[in-house]
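Letter by letter, the sequence shown follows residues 1 to 436 of the UniProt record's numbering. Beta carbons: idealized from backbone N, C-alpha and C, even for Gly. None of these values were measured; they are calculated from a predicted model.
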Amino acid sequence: MRKSTVAIVGRPNVGKSTIFNRLVGERISIVEDTPGVTRDRIYAKAEWLNTDFNIIDTGGIDLSDEPLLVQVREQAEIAIHEADVIIFLVNGREGITSADEEVAKILYRSNKPVVLAVNKVDSYEMQHLIYEYYALGFGQPFPISGTHGLGLGDLLDEVVKHFPDRSNEIEDEDRIYFSLIGRPNVGKSSLVNAILGVDRVIVSDIEGTTKDAVDTSFTREGRDFTIIDTAGMRKRGKVYETTEKYSVLRAMKAIERSDVALILIDADTGIREQDKKIAGYAHDAGRAIVIVVNKWDTVESSQDAMKEFEQEIRKQFQFLSYAPIVFLSAKTKKRLHTLLPKIVMAGENHAKRVKTNVLNEVIEDALAVNPTPSIKGQKLKILYTTQVAAKPPTFVVFVNDPQLMHFTYERFLENRIREAFGFEGTPVNIYARRRN
C-alpha cells in the first residue's frame, strides 16, 4: 500500500530542516556504504504510532539564484504537488511576516489539509506566542520546539488524522509496476510514448485529488503493466526540470511504488554522477532494475561501441552487476522490442520464491566446492537456509555464529544462488542468523 506524504513548508530560517531531522530521527544517513552513492536529505521515511509516511523538507530544494519570495513560492508549490498533508511552519519569535502571508495565500488554494506549527516555542511560558497565528486562518496553531523536541507528538497526532484512507488500494499481484527514472532530458517521456505507441502521454489529472501521481496502464501479449508517475515526467518549467533535487524527489517517490525501475542513461552525454545517485536509490529500495541506454541512434551504434559502453556501465555501476542493460532509441524505436522482455524477466525474478529443500541442496553443493572458512580457530557451520521474503528475494542462513560469516563468503553464496535460480535483474539479500 502507498504511504502518505507530508511536506514541511515555510519561509527560510523558520527551522524546517531541524524539524525534518527531528521527525525522521536516526533513520536518515547522508552517505551510503555503496561506492558512489550519496543520499539526499530532502526526502525520508518517518513513523508515528505505527503509521509509516514519507516526509519532504522543501527547504532542501535550493533555488538560490532566485529572489527570496520567489523561492518560498516555488517551494510551496512543490509541496502542494507532492504532499497529502502540509505542515506550515512559522517562527513564533518573529510574528507574522509578509513571507508567511505569501505562503499562506498559496496554501489556501491548495485544497490540501494544512497543519500550522509555530516553531521556537521553547518553554511553556512562551505558549502565549501562538495566539496571533490564528490570523493566518488555518485553525489551531501547534506550539513546538525543534531544538528541544517539544510539542511534536501533538503535531504528529494532528497530521496523521488527515492522511487519506488507502485501505481500498489493493495492487494486482500479477501486474508489473515499473517506473522510468533518470536525469532530466534523458528521454523518459519519449520512451513512455514509444512503449505505449501514442504521440503523447495522456493523463487524467483531476484537481484536488490526493493521488501523488497519475499512472498509465497497458496490456501487451497478455501481460498487464503499469507505468508509475507518467504525469511527473510531463512537468516542465524551471523547478521541475532544472532543479536536480526535485527530479530526485520525484524519482524516489516513483521507485517506492514500483516493482522494476528502469534507469535511463543518455547515450549522447554518457554517465553522470546523478545517474549513479538515482540508481543507488532504486538499489537501496530493493527494486528490480533494468539499465536502459536511450538515444542509441545519436552515437556510433556498432557492436564494438555497444560492448565498450557496457563495460563503462559495469565499471561505474559496480553495485548493479545483476542488472541487464538494454540499448535502444525511443525516437526511432530501434531495439525497442528488447525492452519489455527484460522488464518481465526482472519483475518475475524479483517476485520469485524457491523451495527450501532445493535451496539447501544448492547450499550443500556450494559447501562441497568451497568449505566454510575458519576465523581464529572457529569454523563457520551452516545449518540450513530458507527464503523469508520476495520483492526482493531475501534469504536467511542459519549458522553457529553470525560473526564468522565473512562478506566474501556471503557473496560466494549469493553467486551460487544466482547461478542456480536465475535472479537476473533483482537484488538478493542474504542474512546470517544464529539458530536458537
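Query                                                                                                                                  : Result
Where the beta strand (DSSP E) containing residue 45 begins and where it ends                                                          : 43-48
With 16 other Cβ atoms within 10 Å as the buried cut-off, status of residue 371                                                        : exposed
Residue interval of the alpha helix (DSSP H) (run including residue 349)                                                               : 339-350
Residue 145 versus 130, 53, 217, residue with shortest Cα-Cα distance                                                                  : 130
Euclidean distance between Cα positions of residue 342 and residue 136                                                                 : 53 Å
Alpha-carbon to alpha-carbon, residue 354 and residue 315                                                                              : 31 Å
Distance, residue 281 Cα to residue 250 Cα                                                                                             : 12 Å
Strand pairing of residue 135, partner residues [DSSP]                                                                                 : DSSP, once it has assigned bridges, lists no residue as partnering residue 135.
Of the listed residues 300, 100, 152, nearest to residue 48 (C-alpha basis)                                                            : 152
Candidates 294, 13, 11, 3, of which the one nearest residue 44 by Cα                                                                   : 3
Neighbourhood of residue 202 by C-beta, 6 Å cutoff - its chain only, sequence neighbours within 5 removed                              : Per-residue confidence for residue 202 stands at a pLDDT of 39, beneath the threshold of 50, marking its modelled position as unreliable; the derived number appears in the next sentence. Closer than 6 Å at Cβ, skipping near neighbours: no residue.
Segment contact, 8 Å Cβ cut-off, at least three pairs: the segment 309-329 with the segment 166-184                                    : no
N- and C-terminal bounds of the beta strand (DSSP E) containing residue 429                                                            : 429-434
Outcome for residue 78 when other beta-carbon atoms lying within 10 angstroms are tallied against a minimum of 16                      : buried
Own chain partners of residue 384 with C-beta closer than 7 Å, once the 5 adjacent residues on each side are dropped                   : 360, 398
Assigned exposure category for residue 238 - 16 Cβ within 10 Å defines buried                                                          : In this prediction, residue 238 has a pLDDT of 41, which is less than 50 and means its spatial position is unreliable; what the coordinates show is noted afterwards. Counting Cβ neighbours within 10 Å, residue 238 comes out exposed, since fewer than 16 surround it.
Alpha carbon of residue 253 to alpha carbon of residue 188, nearest angstrom                                                           : 16 Å
Nearest-angstrom Cβ-Cβ length linking residue 121 and residue 86, presumed shorter than 8 Å                                            : Contact flag wrong, Cβ pair sits at about 20 Å.
Inside the segment 258-327 only - alpha helix (DSSP H) runs reaching at least 4 residues                                               : 273-284, 303-316
Beta-carbon proximity check, residue 13 vs residue 91, cutoff 9 Å                                                                      : yes
Test item: CB-CB of residue 25 and residue 16 under 9 Å                                                                                : no
Contact the segment 318-329 vs the segment 286-295: 3+ CB pairs below 8 Å                                                              : yes
Within 9 Å, strictly: CB atoms of residue 118 and residue 179                                                                          : no
Simplified DSSP assignment, three categories, for residue 16                                                                           : helix
Status (buried if at least 16 other CB within 10 Å, exposed otherwise) for residue 224                                                 : exposed
Residue 103, enclosing alpha helix (DSSP H) - first and last residue                                                                   : 98-108
DSSP three-state assignment for residue 253, whether helix, strand or coil                                                             : helix
Span separating the alpha-carbon of residue 38 from that of residue 272                                                                : Below a pLDDT of 50, predicted positions are generally treated as unreliable, and residue 38, at 32, falls in that range; the measurement from the model is reported next regardless. Going from the Cα of residue 38 to the Cα of residue 272 covers about 14 Å.
Best match in 6, 258, 97 for proximity to residue 158 [C-alpha to C-alpha]                                                             : 6
Among 420, 274, 381, nearest to residue 181 - alpha-carbon criterion                                                                   : 274
Inter-residue spacing [alpha-carbon to alpha-carbon] between residue 279 and residue 263                                               : 6 Å
Separation of residue 406 from residue 427, as counted between CA atoms                                                                : 19 Å
Contacts around residue 277, its chain only, beta-carbon distance under 6 Å, and the 5 residues preceding and following it disregarded : none
Alpha-carbon to alpha-carbon, residue 417 and residue 424                                                                              : 11 Å
Status (buried if at least 16 other CB within 10 Å, exposed otherwise) for residue 193                                                 : buried
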